[in-house]
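Below is one structure; the comments refer to it alone.
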Amino acid sequence: MRYNYDTVFINDNSDEILHKLAQHLAPLPFPKPANQVDQLYWTYDIGCSTDISLHWKHYNWPGVFDFFRDHAKAKATFATKYVNEAMLAYQPQKKIRIRFSLMPQSVSTLLEPKTTPITERIAAIKAFSRAGYEVHLNFSPIVVYEGWLQEYRVLFEEIAAAVPAELQQEVAAECIFLTHNPWQHERNLERGFAESEALLWQPEKQEAKQSQYGSQGVRYQIPLKREYISQWQALHDEIIPWNTIRYIF
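Take the sequence shown: its letters are residues 52 to 300, numbered as in the numbering used here.
What follows is the structure in structure tokens.
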């Protein structure tokens, strides 16, 4: 769950941040070396600790968007669980990448209550692309449970029906299987989220992991995870083979 506290933290130094970005970009070559992030532009995630679509009114996001739209070397990207139609009035000229977070609705209802229904996020793909956004899909977290592949089949079929052929080359995806951690598990139980934790905390399938930053967590056991990835990707490629997977882990 993206929001774990009642407080919303707002950065009030956006201009300073953009100035630092401009300094960082100045010596970089252009075009940049092509990779899975982007073929041409240096790409910055501007939504790591917030959902821009939800918190649009709290920031000068048009000003931030302007910076990336107008910069010759840069592109912005952010993931979202919301459809904010006010953003359709902006003209990003494909320099802003919006990544709609998708999962089966049954899982979304448990893990991300009060967010935009999955069907509406899928329907927004075409609208936002035609408004000038670059649109990707964010399959995260991918959670394994009884019947999970059947529900992903339904999800993929809905995506296949919603994305017209002329947009399919643009719509890539990132795919991230569930990770969790003990302190968040305990905190969620204390807050009364036992039903969602039954889905997320499955010790018989999980093993300890340490992030590159040193924090402790759990992930699906490696042999199981290999099998899950293979099953999920085979289903994905059967139904929406045009949806290029940028990475999956």
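Yeah, the Cβ is synthetic: ideal placement off N, Cα and C, and Gly gets one too.
Looking at the DSSP output, G268 bridges to K260. Within the segment 107-148, the complete beta strand (DSSP E) runs of at least 3 residues fall at 125-131. Residues of the same chain with their beta carbon placed closer than 7 Å to that of D63 are lacking, with the five preceding and five following residues left out of the count.
The C-beta of N294 has 16 or more other C-beta atoms within 10 Å across all chains shown, which makes the residue buried. Going by beta carbons, E237 and R297 fall outside the 8 Å limit. Y141 and K177 have their C-alpha atoms spaced approximately 15 Å apart. Put simply, the backbone Cα of K83 is about 17 Å away from that of I147. The way I'd put it, the segment 213-221 doesn't touch the segment 247-258; fewer than three beta-carbon pairs between them come closer than 8 Å. A Cβ-Cβ distance of about 12 Å is found for the pair S159 and S191, leaving them out of contact under the 8 Å criterion. When C-alpha distances from W93 are compared across H106, L105, C99, A77, the shortest belongs to A77. DSSP places P274 in the uninterrupted alpha helix (DSSP H) bounded by 273-290.
In this structure L72 is buried. Its beta-carbon is surrounded by 16 or more other beta-carbon atoms within 10 angstroms.
Around the beta carbon of F207, 16 or more other beta carbons lie within 10 angstroms, which makes this residue buried. Rounded to the nearest whole angstrom, the CA to CA distance from V205 to W283 is 13 Å. Boundaries of the beta strand (DSSP E) harbouring E185: 185-193, taken from the DSSP string. Going by beta carbons, G98 and F119 fall outside the 8 Å limit.
The Cβ atoms of Y133 and D89 do not sit closer than 8 Å to each other.
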